[in-house]
Every structure is written in structure tokens, then in C-alpha cells.
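Peer 1: Here's a structure for you.
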Amino acid sequence: MNFREQLSAELSKRNTDYIASVIGYDEKLFKEIMDVALSDETHVSGRAFWVVETVWLKYPHLINTYINHLIDFLPETKKDNQRRHSLKILSTIDLRELDEDRLGILIDRCFNWLEDAVNPTAVKMFAMEIIYNYVVIEPVLASELIAVIENQFEDSTPGFKNRGEKLLKKLYKLVY
Numbered sequence: 020m021n022f023r024e025q026l027s028a029e030l031s032k033r034n035t036d037y038i039a040s041v042i043g044y045d046e047k048l049f050k051e052i053m054d055v056a057l058s059d060e061t062h063v064s065g066r067a068f069w070v071v072e073t074v075w076l077k078y079p080h081l082i083n084t085y086i087n088h089l090i091d092f093l094p095e096t097k098k099d100n101q102r103r104h105s106l107k108i109l110s111t112i113d114l115r116e117l118d119e120d121r122l123g124i125l126i127d128r129c130f131n132w133l134e135d136a137v138n139p140t141a142v143k144m145f146a147m148e149i150i151y152n153y154v155v156i157e158p159v160l161a162s163e164l165i166a167v168i169e170n171q172f173e174d175s176t177p178g179f180k181n182r183g184e185k186l187l188k189k190l191y192k193l194v195y
């Protein structure tokens, strides 16, 4: 299957599910869709990330080989859907398994996106979750995360407020 053509043909859940079913747990096909997702072709890359997430939900082990690639790709992302799908996947990994440089890239990028007012709620929520997961391991950034969440609270969406309140309760227990 030519993934680029199929992704360009139709943006729909049906098409995404179809491509994901073709890939299944085939590592070679998963590599092909990851190559498209990590490409600079923004039109198909975001759609490919949707397929990657769909396959990952069924076969989470397939993503393990690509975690470092996802993190390295973060600074290059141009589309919200690339960020959202990448961060959703990265919010579930054990951060202790990352090398220090990649962990630094991930946390820095998450703070940048969390603080940026133009980012959609979903991107901010997954960024918050990743930073919180890091804070549980290394509490040194807890106060900074609290401050960032509190600073955005007044002008934020209901989704941000809901997730922010839950994380703030956990963070207050860690800090105080």
C-alpha cells in the first residue's frame, strides 16, 4: 500500500482505521507509516500520526523502537495534530528509560508548549502530563509546573482547568 496516497485520499476515521488494520502488528509496515509521520510533508504527516496512534493503542510495543525518533522530531513539528499525537504517546512512557539529553528536549519542549497561549488544550494537557510524570521522578520542577498551571488557569478552557486542578492537587501533595 502506498501510505502517502491513501492518507491524501481521505481524512476520516474510517480511512485511518483501514490503514491501521492493514498495518496490524507488522513491524515493517509500522516503520513505513512512522517514516511518513516523521517526514516534513505536513499534509500527510499529521494524518500518519493519527494512524500511528491508532496502531499504538492496539499494539503498544511497536512504538518502542521509535520513542527517540518521536522526541527528536518534537522541535520540528509544525502542526498541532503532530504534537497532540506525539505527546499522547509520550505521556505513557517510562521517562526513566530516556537518556538525559532526550529527556531534557522532551521536558523543555513540553514547558514551551504548555506556556504558549496559542497551543490547543489537548497539546497543553499532554505536555502537562509528561512534565508531571517527570516531577514524580525528579520533584525539582514541581514548583515551576505549579506556577505555569496557575498562571494560565484564569483564561483557560474547561478541559485545561479540569486537568490542571487534578494535577495541582497531586503537585501540592508533593511540594507541601
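The numbering used here numbers the first residue of the sequence shown as 20 and each following residue consecutively.
We put the CB at the ideal spot given by N, CA and C, even for glycine.
#1: Considering only the beta carbon of each residue, do L186 and I168 sit closer than 8 Å?
#2: Return yes when the Cβ of R103 is within less than 8 Å of the Cβ of V142, no when it is not.
#3: Just to confirm, is the Cβ distance from A38 to F49 under 8 Å?
#4: With the cut-off set at 8 Å, would you say I112 and E72 are in Cβ contact?
#5: With a 10 Å radius around its C-beta and 16 neighbouring C-beta atoms as the bar for buried, classify A146 as buried or exposed.
#6: Where do the ends of the alpha helix (DSSP H) carrying G43 lie?
#7: Whose C-beta lies closer than 6 Å to the C-beta of N138 among residues of the same chain, with five residues either side of it excluded?
#8: With three or more beta-carbon pairs closer than 8 Å as the criterion, would you say the segment 152-163 touches the segment 113-121?
#9: So, helix, strand or coil for A136, using DSSP?
#10: Can you check which of these residues, Y85, L26 and E24, is closest to M53 by C-alpha distance?
#11: Does the beta-carbon of A136 have 16 or more other beta-carbons within 10 angstroms, so that it is buried, or is it exposed?
#12: Where does D118 sit, in a helix, a strand or coil, going by DSSP?
Peer 2: In brief:
#1: With contacts defined by Cβ atoms closer than 8 Å, L186 and I168 form a contacting pair.
#2: Yes, they are a contact pair.
#3: Looking at the sequence itself, residue 38 is Ile, so the reference to Ala does not match. Their beta carbons are not under 8 Å apart, which means I38 does not touch F49 by this criterion.
#4: Between I112 and E72, the gap from beta carbon to beta carbon reaches 8 Å or more.
#5: A146 should be labelled buried.
#6: No alpha helix (DSSP H) contains G43, which DSSP labels as neither H nor E.
#7: W132.
#8: They touch, by the three-pair rule.
#9: In this structure, A136 counts as coil in the three-state DSSP scheme.
#10: When only C-alpha atoms are compared, the closest one is Y85.
#11: Under this definition A136 is an exposed residue.
#12: In this structure, D118 counts as coil in the three-state DSSP scheme.
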